[in-house]
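> The following block contains the structure, expressed as structure tokens.
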Amino acid sequence: MERKRISTTELRKQNRNQVFRIIYDAEGPLTKQEIAKRLHMSLPTVTQNLKELFDENILTDAGADESTGGRKARLITLNKNVYFSVGIELSPKHIRFIAINLKAEELAYEKLEYPFSNTPEYRMVYAKKLEEFLDRFGFSRERLLGVGITMPGIINEQEGIVEIAPVLQLHHMKLSLLTEVIPYPVYVQNDASAGGVAEWWNYDGPSAMAYVFLGKGVGGALMIDGKPFEGLNRRSAEFGHMCIHPGGKLCNCGRQGCFESYCSSSVLSDDLGMDIKDFFQRLEEKDPYIMGVWNQYVSHLVTAIHNIHMVLDCEIVIGGILTPYLEDHMPMIRKKLQEKSFFPDEERYIHLGRCQGKANCIGVALHFIAEFLEQI
Ligand SMILES: [Zn+2]
């Protein structure tokens, strides 16, 4: 008896989730009849589930279907802004805030110049700025699913600590210090893992993907079935500290020849006393010096990407602030990758991410969106 009751409840939940998912994933609004047909579900079952989802304000009307003659069918769509989540990125010099809706679309974004410090004052600043952010954009706290915090450090959830975050000069810091200042559900995640999650959301390729982040730091995540593969000590996918030139350039980590020391975005900006936009402008103008720097950069990038691909044999998504500029250079990069490989047709595995510099923020905010979608 007990068993049967559980399975009926489970079945109901499954039906409800299926009805929701088909509307969530659909390109445009759907009619009740279309939903029943696509799911091979009875019309009364679909009607009942739609009623519940409408009552909870998760779905909304999208007018009438004009395509069919005669009686117009009601069109149903997701009420995508009914809930939202926030991502906060703490980096050495900036604090970023993003709010995203149930479809992971950006609702608001703000970047604040404020240096990181391991002090109560700093934590009060981002907590206060969060409230101001919510007020400024008129967000209702009741619709806030949660707040994600992401930072460049190794996060140990079990022990509740940030094990180490060299660029923030943190060692063994309690996560509660970061979260206790925020009066909403909070989740803390490593920045590269969060970026991987954000790019995975937009990705429709095979089940494994390496996300390579090119920013001031170079890092990434190895995504398997939508989850970052963390490794034994949560140190997986530290692509930036793969040695590509033994005895080469000094890296931030203190060793020599790391991928990061050759392919940090600083190589194309700070190190030359210009910003990224100027760099690519001058490259377009065929400035010989800039062209030389760029050719070197690409050569190192191709070496590293090729190595990653030789080990993992999976799709590779490049993310970070350089992606909008890399677009025009992809045919050349693909060609160079092909030249390196001894397998034919091996250059198609590389793609550009879509979230650019916002990936980390979006990814950590997605934690609460994914959680919400799962429990529906
Ligand atoms: Zn290094």
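Heads up, the sequence shown is in this note's numbering, so the first residue is 481 and it goes up one at a time. Glycine included, each C-beta is placed from N, C-alpha and C at the ideal position.
With distances taken from CA atoms, which of A584, I580, F596 is nearest P572?
Residue F596 is the option with its Cα nearest to P572.
> Can you look up D541 in the DSSP assignment and give me helix, strand or coil?
D541 falls in the strand class under three-state DSSP.
> Where Y742 and V797 are concerned, what is the direct C-alpha to C-alpha distance, given to the nearest angstrom?
Cα-Cα distance, rounded: 19 Å.
> When burial is assigned at 16 or more other CB atoms within 10 Å of the CB, is E795 buried or exposed?
Answer is buried; the Cβ neighbour count reaches 16.
> Could you compute how far the alpha carbon of E807 sits from the alpha carbon of K531?
Roughly 45 Å between the two C-alpha positions.
> Nearest CA to the CA of C835: which residue from G799, V642, I856, M812?
Ranking G799, V642, I856, M812 by Cα distance to C835 puts G799 first.
> Using a Cβ-Cβ cutoff of less than 6 Å, which residues in the same chain neighbour G640 once the five nearest sequence positions on both sides are dropped?
For G640, where only same-chain residues beyond five positions count, the Cβ hits under 6 Å are L655.
> How do the segment 829-846 and the segment 570-588 stand: do at least 3 beta-carbon pairs fall below 8 Å, yes or no?
The answer is yes - the segment 570-588 touches the segment 829-846, with three or more Cβ pairs under 8 Å.
> Tell me the rounded alpha-carbon separation between I813 and Y805.
Straight-line Cα distance between these residues: approximately 13 Å.
> With a cut-off of 8 Å on the beta carbons, I'd call P632 and S673 a contact; round off their distance for me.
In fact, because the Cβ distance is near 11 Å, the residues do not count as touching under 8 Å.
> Between E611 and E601, what straight-line distance do the alpha-carbon atoms span, to the nearest angstrom?
Distance between the alpha carbons of E611 and E601 is about 16 Å.
> Return the CA-CA distance between A717 and V791, expressed in angstroms with no decimal places.
Computed Cα separation, rounded: 12 Å.
> Can you check whether the CB of G626 is closer than 9 Å to the CB of L802?
Not in contact: L802 and G626 (Cβ atoms no closer than 9 Å).
> Taking its Cβ as the centre, do 16 or more other Cβ atoms sit within 10 Å of E482, making it buried, or is it exposed?
Legend: pLDDT at E482 = 48, less than 50; position of this residue unreliable, value from coordinates given subsequently. Classification for E482: exposed.
> Judging by CA-CA distance, which residue of M722, G737, G720, H721 is the nearest neighbour of G728?
Here the closest residue by C-alpha is G737.
> Thinking C-alpha only, which one of L702, M653, V566 is nearest P686?
The shortest C-alpha separation from P686 is found at L702.
> May I ask you to report which of helix, strand or coil DSSP gives S565?
The answer is strand: DSSP assigns S565 an E or B state.
> So what does DSSP say about N787, is it helix, strand or coil?
Of the three classes helix, strand and coil, the one that applies to N787 here is helix, per DSSP.
> Taking 9 Å as the threshold (C-beta atoms), are L570 and L510 in contact?
Contact: no.
> Report the rounded CA-to-CA distance for K609 versus I662, giving the unit in angstroms.
If you take the alpha carbons of K609 and I662, they lie about 11 Å apart.
> Can you tell me whether I704 is helix, strand or coil according to DSSP?
Note: I704 maps to strand in three-state DSSP.
> In this structure, does DSSP put H725 in helix, strand or coil?
Coil, per DSSP.
> Determine the DSSP secondary structure at A559, reduced to helix, strand or coil.
Checking the displayed sequence, the identity of residue 559 turns out to be Asn instead of Ala. Of the three classes helix, strand and coil, the one that applies to N559 here is coil, per DSSP.
> Using the Cα positions of L533 and V605, report the straight-line distance between them to the nearest angstrom.
When rounded, the distance between both Cα atoms is 38 Å.
> If you measure between the beta carbons of L624 and K583, is that distance less than 9 Å?
Contact flag unset, no.
> Does any heavy atom of ligand 1 sit closer than 8 Å to the C-beta of C743?
No, the beta carbon of C743 sits no closer than 8 Å to any heavy atom of ligand 1.
> Would you say the segment 665-679 touches the segment 843-853, given that touching needs at least three Cβ pairs under 8 Å?
Touching, per the Cβ criterion.
> In whole angstroms, what separates the C-alpha of V668 from that of F500?
So the two alpha carbons sit approximately 28 Å from each other.
> Taking G697 and G720 to be in contact with their CB atoms under 8 Å, please state how far apart those CB atoms are, rounded to whole angstroms.
Going by Cβ atoms, the distance from G697 to G720 rounds to 6 Å, so yes, they are a contact pair.
> Using a 10 Å radius around the Cβ and a threshold of 16 neighbouring Cβ atoms, would you call L523 buried or exposed?
So L523 ends up on the exposed side.
> If we ignore side chains and look at the alpha-carbon of each, how far apart do F464 and Q855 end up?
There is simply no residue 464 to check, as the chain begins at 481 and stops at 856 in what is shown.
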